[in-house]
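Here the structure is laid out as structure tokens; the discussion comes afterwards.
Chains as they are written, first to last, in the working numbering: chain A, 48 to 159; chain B, 15 to 129.
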């Protein structure tokens, strides 16, 4: 059981470039979400999904897009990278309201 | 709005001593509370949760947490700290009304256990 898998683990982008962070889970979880982690700020919610075809914005959605075409995959797209998007990105999935979330290993993104 | 506060950026403990990492919360309604641990360059690992029931919750690696409704606190505890417990600890509350149950995290507390 792989759990939540994120790729790539590390990425360096130039300002203005676009890219997609991949997230896949093999636990058949309906709920998936993307967080970014910045020093001293904890984790902040970017976008989330409650099932295939359904997505919504979190606390810090600007500059990011998501889609959920299958239960397993929830990619995060950076449309035009900015230095302010330098961060560590985590994908998470869970069954429901009372259950814990499972996190991927993270993607460390640097925008220069 | 629901929120979580971790008042200490860092906690230093000697190995073998008890440890406490503090967390307070603000929610409307009953809280769903969680603790996660993050080791360097790793993802977050679930430690324990409080949904309902006993106020003392036991979790992984010998950790436990005490839910105190009157003080709106959910402090993480361990009777005897290990050097390997050194990590970043996050308290979180479930955002029931807002983002469909996603977690709202505190800023994290770095635990350092010295031999």
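Just so you know, even glycine gets a beta-carbon here, dropped at the ideal spot from N, CA and C.
8 Å CB neighbourhood of residue 159 of chain A in its chain, flanking five on each side removed: Mapped onto the first chain, residue 159 of chain A falls at position 112. Here the set comprises 59, 60, 61, 62, 130.
Local Cβ density within 10 Å of residue 127 of chain B, reported as buried at 16 or more and exposed below that: For this step, residue 127 of chain B is matched to residue 113 along the second chain. That one is buried.
Under 9 Å between C-beta atoms of residue 124 of chain A and residue 115 of chain B: Walking along the first chain from the start, residue 124 of chain A turns up at place 77. Walking along the second chain from the start, residue 115 of chain B turns up at place 101. Going by C-beta atoms, residue 124 of chain A is not nearer than 9 Å to residue 115 of chain B.
C-beta contact flag for residue 90 of chain B and residue 105 of chain B at 9 Å: Your numbering for residue 90 of chain B matches position 76 in the second chain. Your numbering for residue 105 of chain B matches position 91 in the second chain. Yes, Cβ-Cβ distance for residue 90 of chain B and residue 105 of chain B is below 9 Å.
C-beta neighbour in chain A for residue 67 of chain B, strict 9 Å: Numbered from 1 along the second chain, position 53 holds the residue referred to as residue 67 of chain B. Output row for residue 67 of chain B: interface = no.
The segment 101-119 of chain A in contact with the segment 17-34 of chain B per 3-pair CB rule at 8 Å: no
Residue-level contact to chain A via CB, residue 30 of chain B, 9 Å cutoff: Along the second chain, one-based indexing puts residue 30 of chain B at 16. No, no contact with chain A.
Three CB pairs or more closer than 8 Å across the segment 49-59 of chain A and the segment 141-153 of chain A: yes
Rounded C-alpha distance that separates residue 121 of chain B from residue 74 of chain B: Numbered from its first residue, the second chain carries residue 121 of chain B at position 107. Numbered from its first residue, the second chain carries residue 74 of chain B at position 60. For residue 121 of chain B and residue 74 of chain B, the distance between alpha carbons rounds to 21 Å.
First and last residue of the uninterrupted beta strand (DSSP E) at residue 105 of chain B: For the purposes of this step, residue 105 of chain B is taken as the residue at position 91 of the second chain. Counting along the chain, the beta strand (DSSP E) containing residue 105 of chain B begins and ends at 101-108.
Beta carbon proximity, residue 91 of chain A to chain B, threshold 9 Å: To locate residue 91 of chain A, count along the first chain from 1; it is residue 44. True, the Cβ-Cβ gap to chain B drops below 9 Å.
Coarse secondary structure for residue 20 of chain B, derived from DSSP in three states: Working through the second chain from its first residue, we reach residue 20 of chain B at position 6. Residue 20 of chain B: coil per DSSP, three-state reduction.
Cβ-Cβ distance between residue 78 of chain B and residue 92 of chain B below 9 Å: In the second chain, counting from the first residue as 1, residue 78 of chain B sits at position 64. In the second chain, counting from the first residue as 1, residue 92 of chain B sits at position 78. Going by C-beta atoms, residue 78 of chain B is nearer than 9 Å to residue 92 of chain B.
C-alpha distance - residue 44 of chain B paired with residue 64 of chain A, whole-angstrom precision: In the second chain, residue 44 of chain B corresponds to position 30, counting from 1. In the first chain, residue 64 of chain A corresponds to position 17, counting from 1. Near 44 Å, if we compare the C-alpha coordinates of residue 64 of chain A and residue 44 of chain B.
is_contact[residue 88 of chain A, chain B] using C-beta, thresh 9 Å: Along the first chain, read from residue 1 onward, the residue named residue 88 of chain A stands at position 41. Yes, residue 88 of chain A lies at the interface with chain B (some Cβ there is under 9 Å from its Cβ).
Cutoff 9 Å: residue 16 of chain B Cβ touching any chain A Cβ: Locating residue 16 of chain B in the second chain gives position 2, counting from the first residue. By this cut-off, residue 16 of chain B is not an interface position.
Segment limits, beta strand (DSSP E) that includes residue 92 of chain B: Residue 92 of chain B sits at position 78 when you count from the first residue of the second chain. Element bounds for residue 92 of chain B: 87-92.
Neighbourhood of residue 73 of chain A by C-beta distance below 6 Å, restricted to the same chain and skipping five residues each side: Within the first chain, numbered from 1, the residue matching residue 73 of chain A stands at position 26. Taken in chain order, the residues that qualify are 49.
Chain A contact for residue 116 of chain B (CB, 9 Å cutoff): Against the second chain, residue 116 of chain B aligns to sequence position 102. Taking Cβ atoms only, chain A reaches closer than 9 Å to residue 116 of chain B, which makes this a yes.
Residue 48 of chain B versus B:80, B:111, B:95, B:85, residue with shortest Cα-Cα distance: For this step, residue 48 of chain B is matched to residue 34 along the second chain. Comparing Cα positions, the closest option is B:80.
Chain-ordered residues of the segment 47-68 of chain B with a beta carbon less than 7 Å from chain A: 48, 56, 57, 58, 60, 63, 65
Per DSSP, the bridge partner or partners of residue 124 of chain B: Here the question's residue 124 of chain B lines up with position 110 in the second chain. Paired residue(s): B:24, B:102.
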